[in-house]
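Numbers given in our numbering equal positions in the sequence shown, counted from 1, plus 16. Note that beta-carbon positions come from the ideal geometry of N, C-alpha and C, so glycine has one too. Only one structure is covered here, and it is reproduced in the block below.
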Amino acid sequence: MGFIINVAYFAAAVLFIVGLKQMASPVTARRGIIWAGWGMVIATVVTFLHPEVRGFINYLLIILGIGIGGGLAWYTGKRVAMTDMPQMIALYNGMGGGAAAGIGIVALMGSYELSWTIQFIAVLGVIIGAVAFSGSLIAFAKLQGLITKSLRFDMQQKINLGVLGATVLLGIIISFSGAQVNGALLTVFLLLALAFGILMTLPIGGADMPVVISLYNALTGLAVGLKGLVLDNAALMIAGIVVGAAGTLLTQLMAKAMNRPISNVLFSHFGESSGGDQSEVTGTMKEIEASDAGVMMAFADKVIIVPGYGMAVAQAQHKIWELTQLLQERGVTVKFAIHPVAGRMPGHMNVLLAEAGVPYDIIYDLDEINSEFKTADVAIVIGANDVVNPVARSNPESPIYGMPILNADQAKNVIVIKRGKGAGFSGVENHLFFADNTRMLYGDGQKAASELISSIKEIG
17 MGFIINVAYF AAAVLFIVGL KQMASPVTAR RGIIWAGWGM VIATVVTFLH
67 PEVRGFINYL LIILGIGIGG GLAWYTGKRV AMTDMPQMIA LYNGMGGGAA
117 AGIGIVALMG SYELSWTIQF IAVLGVIIGA VAFSGSLIAF AKLQGLITKS
167 LRFDMQQKIN LGVLGATVLL GIIISFSGAQ VNGALLTVFL LLALAFGILM
217 TLPIGGADMP VVISLYNALT GLAVGLKGLV LDNAALMIAG IVVGAAGTLL
267 TQLMAKAMNR PISNVLFSHF GESSGGDQSE VTGTMKEIEA SDAGVMMAFA
317 DKVIIVPGYG MAVAQAQHKI WELTQLLQER GVTVKFAIHP VAGRMPGHMN
367 VLLAEAGVPY DIIYDLDEIN SEFKTADVAI VIGANDVVNP VARSNPESPI
417 YGMPILNADQ AKNVIVIKRG KGAGFSGVEN HLFFADNTRM LYGDGQKAAS
467 ELISSIKEIG
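This is the structure in structure tokens:
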């Protein structure tokens, strides 16, 4: 039986890794998800054959839990709107961290004595899993609009450090408690870990949510891997290592795309009004009618479209794809430029465009497309702000200085589709909107795209 279990876990691990590899490309991502899903099915089913699991008698409760959780996941996965995908990812990620913390608590409450090493690993997994759980729930609430402001108060970092210190101290005490772990002490320990996750996430602004989500994803993977060591379960170890490594690399990529270290994301209070760009803005915002913008694009040779979260809010991706097809029929070369932190989660814009049917071969990331803006007749910016702000290159005093941006300002003409005149999440005024070659097309993204389509069709 042990041989069969090990072979099944090995097969699941292979499916996890191959699936993750295929997720690296939009072309094979769907297949990768399916393969990794089958790996999870194999790992779950074969776990019922594990000797320690067979020692439990309440199979009904286990199956009921799997059924309820799986049913809810299926239902919400089918019903969730693409614009709500970031908060769903944050919520699901938090559930993984919470499950890992729960496993650790159960292991520490067990009647059998654990070695000091395993007990310490269990404690560490509870801290990391609990922080990922409560922090992800706060990220979900922010993205869902349930929490609309970042909570900041005096001595916040010192209080957070105190809560973390108390959590670690209790964790050390529990690690040396052997099998006699005090239930009240364990409860306070768990509550403090949860509180730290909440306190750490509350002050972080919405602009940093892509980094926060990927960071908590990495923490969840690490917590799951640690629980695999506690339970001596190879599948959990491998899954945790793969998720943790992928989340860590993704977090580093997101932070690099913002030119900010992780510590700056977590502790800098980025996005406060006092931190906005105070440099003088020259020029004025010049409005354009959809009819004129449509003519400009219809007779262009190359058009580059820069999508942002505003496109997601307006659910304009389908209309933008329709606009793209219309331009292509006229012989216009159309490409999409994606910034790594555009939207509310890593890959958010790619997911939206794929859902609308935009071919992968006309979607380019920042490094691939930036040099082409100089040869573009028109750059269309729809719902993006900070990722196209030229002060990131020009003003050392700006909080976004040094952040790699899409060089939309270098196009011959720039059309910005935007609801109003407000600044982005960073609180920095976008100097692109005041440039001589920029025209503002105000209004809802879907409505503006529809008007552009009508305008081009009228040209014939």
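C-alpha distance - residue 458 paired with residue 353, whole-angstrom precision = Here the alpha carbon of residue 458 sits roughly 21 Å from the alpha carbon of residue 353.
inquiry  = For the pair the stretch 355-370 and the stretch 261-276, tell me if three or more CB-CB distances fall below 8 Å.
reply    = The stretch 355-370, when compared against the stretch 261-276, does touch it at the 8 Å Cβ threshold.
ask   = What is the residue span of the alpha helix (DSSP H) that residue 19 lies within?
value = Residue 19: member of the alpha helix (DSSP H) spanning 18-38, first to last residue.
request  = Scan the stretch 356-425 and note each continuous beta strand (DSSP E) run of 3 residues or more that stays entirely inside, going in chain order.
outcome  = Whole beta strand (DSSP E) segments, 3+ residues: 379-381 and 394-398.
ask   = Based on the DSSP output, what are the partners of residue 456 in its beta bridges?
value = BP columns for residue 456 point to 303 and 432.
task = Name the one or two DSSP bridge partners that residue 349 has.
result = For residue 349, which the question treats as bridged, DSSP gives the partners 318.
message = Since residue 137 and residue 252 should fall inside the 8 Å C-beta cutoff, what is the C-beta to C-beta distance between them, to a whole number of angstroms?
response = With a Cβ gap of about 12 Å, residue 137 and residue 252 do not count as contacting.
inquiry  = Please identify the residue among 262, 420, 475 and 276 whose C-alpha is closest to the C-alpha of residue 40.
reply    = Cα-wise, what sits closest to residue 40 is 262.
query = How should residue 171 be labelled, buried or exposed, when 16 other C-beta atoms within 10 angstroms of its C-beta is the threshold for buried?
reply = Here residue 171 is exposed, its C-beta having fewer than 16 other C-beta atoms within 10 Å.
inquiry  = Tell me the residue span of the alpha helix (DSSP H) that contains residue 233.
reply    = 225-247 is the span of the alpha helix (DSSP H), which, as asked, contains residue 233.
task = Could you give the DSSP three-state label for residue 323: helix, strand or coil?
result = Secondary structure of residue 323 (DSSP, three-state): strand.
request  = Would you identify the three-state DSSP class for residue 163, choosing helix, strand or coil?
outcome  = The DSSP-derived three-state label of residue 163 is coil.
inquiry  = For a test of the three-state rule: what should DSSP assign to residue 354, helix, strand or coil?
reply    = It is a strand residue.
message = Is it buried or exposed, residue 300, if we count other Cβ atoms within 10 angstroms and call 16 or more buried?
response = Residue burial is scored here from C-beta neighbours: residue 300 has fewer than 16 other C-beta atoms within 10 angstroms and is therefore classed as exposed.
inquiry  = Quick check: what's the CA-CA separation for residue 482 versus residue 219?
reply    = The displayed coordinates of the chain run from 17 to 476. Any statement about residue 482 would go beyond what the structure contains.
inquiry  = Looking at residue 400: is its Cβ nearer than 8 Å to the Cβ of residue 451?
reply    = Not closer than 8 Å, so no.
inquiry  = Count Cβ pairs between the stretch 200-208 and the stretch 226-233 that sit closer than 8 Å; are there 3 or more?
reply    = By the C-beta criterion, the stretch 200-208 is judged not to be in contact with the stretch 226-233, since fewer than 3 inter-stretch pairs fall below 8 Å.
query = Looking only at C-alpha atoms, which of 83, 144, 85 and 168 sits nearest to residue 113?
reply = Closest option to residue 113, judged by alpha-carbon separation, among 83, 144, 85 and 168: 144.
Exposed unless 16 or more other CB atoms sit within 10 angstroms - verdict on residue 102 = Note on residue 102: 16 or more other CB atoms within 10 angstroms of its CB, so buried under the neighbour-count rule.
inquiry  = Is it the case that the stretch 407-422 contacts the stretch 367-375, given that we only count it when at least three CB pairs across the two stretches are under 8 Å?
reply    = No: fewer than three Cβ pairs fall under 8 Å.
request  = Just confirm the distance between the C-beta atoms of residue 421 and residue 404, as a whole number of angstroms; I'd bet it's less than 8 Å.
outcome  = That pair is a contact at about 6 Å.
key: Under 8 Å between C-beta atoms of residue 246 and residue 120   = Going by C-beta atoms, residue 246 is nearer than 8 Å to residue 120.
task = Say whether the stretch 25-38 touches the stretch 46-54, bearing in mind that this needs 3 or more beta-carbon pairs closer than 8 Å, one atom from each stretch.
result = Inter-segment contact for the stretch 25-38 and the stretch 46-54 is present: three or more beta-carbon pairs are separated by less than 8 Å.
message = Could you tell me the alpha carbon to alpha carbon distance between residue 467 and residue 306, rounded to whole angstroms?
response = One Cα belongs to residue 467, the other to residue 306, and the distance between them is close to 6 Å.
ask   = Going by beta carbon distance, what residues of the same chain come within less than 7 Å of residue 260, once the five residues before and after it are set aside?
value = Scanning its chain for C-beta atoms nearer than 7 Å, with the 5 sequence neighbours on each side dropped, one finds around residue 260 the residues 234, 237, 238 and 241, in chain order.
Span of the alpha helix (DSSP H) around residue 275 = It is not in any alpha helix (DSSP H) - residue 275 carries neither H nor E in the DSSP assignment.
message = Tell me the residue span of the alpha helix (DSSP H) that contains residue 191.
response = Unbroken alpha helix (DSSP H) run through residue 191: 172-191.
request  = Could you check what DSSP says for residue 137 in three-state terms: helix, strand or coil?
outcome  = Secondary structure of residue 137 (DSSP, three-state): helix.
request  = Could you pull the start and end residues of the alpha helix (DSSP H) that residue 109 belongs to?
outcome  = Segment 101-125, the alpha helix (DSSP H) holding residue 109.
message = Restricting to Cα atoms, I'd like to know which of 76, 139, 366 and 433 is closest to residue 395.
response = Checked all of 76, 139, 366 and 433; the closest Cα to residue 395 is 433.
query = Can you tell me the Cα-Cα spacing of residue 435 and residue 304, whole angstroms?
reply = Rounded to the nearest angstrom, the two C-alpha atoms are 13 Å apart.
ask   = Just the Cα atoms here: how many angstroms apart are residue 254 and residue 83?
value = So the two alpha carbons sit approximately 24 Å from each other.
ask   = Should residue 122 be labelled buried (16 or more other beta-carbon atoms within 10 Å of its own) or exposed?
value = Note on residue 122: under 16 other CB atoms within 10 angstroms of its CB, so exposed under the neighbour-count rule.
request  = Look up residue 445 in the DSSP assignment and say whether it is helix, strand or coil.
outcome  = DSSP places residue 445 in coil when its eight states are reduced to three.
query = DSSP three-state call for residue 467: helix, strand or coil?
reply = In the three-state reduction of the DSSP assignment, residue 467 falls in the helix class.
query = Going by alpha carbons, who is nearest to residue 56 out of 256, 389 and 163?
reply = Cα-wise, what sits closest to residue 56 is 256.
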